[in-house]
Each structure stands twice: as C-alpha cells, then as structure tokens.
Amino acid sequence: MSDEAENLVLVYLRRLDTKVDAIKDDLQDVKARLNRVENSLITMRREQTNDAEGVAHLEARFDRFSERLARIEKRLEITDA
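All residue numbers for the sequence shown refer to the working numbering, where the first residue is 96 and numbers rise by one.
Structure follows, in structure tokens:
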C-alpha cells in the first residue's frame, strides 16, 4: 500500500475512533439518566404504597366510626328507617 493510502486510512480510523469515543460518552450519560429515572420510579412506587396504606387505615377508622354511630342512633332510636 502506498504511503498516501495508508495515511488516508489512518485519518479515517482516527475520525472513527473520535466518533466512537463521543458515542461512548453519550451512552454513559444516557445510562446515568436512566438510573436516575429508575430510582425516581422506585421512590414514587414506595410513596404510592405508603399512601395506599394510609388510605386503608383511614377507611378502617371510618368504618368503625360508622358502626359506632349506627349503635348510638339505634340506642337513641333516631334511625331513619
């Protein structure tokens, strides 16, 4: 191969190497961002679970209050029926 052809191949290889390095950097950035998104999603799911727990607790309390109110109304004979 002539020197000119070898130099041309080296030029293209260097350009290709530079582009591969840039792609590798971009991929690392994308991975880091994806990691943050996954962590945020995990946090949101944890918060959603805690919220559902709180709602279930409030519903149970409401049911107990409803039962107590029904007993009081029955005892005082003030039911709507």
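Glycine included, each C-beta is placed from N, C-alpha and C at the ideal position.
- Here the alpha carbon of ARG159 sits roughly 20 Å from the alpha carbon of ASP146.
- Per the coordinates, the alpha-carbon of LEU129 lies some 10 Å from the alpha-carbon of LEU122.
- Within the same chain, GLU168 come within 6 Å of THR174 by CB-CB distance, once the 5 residues on both sides are set aside.
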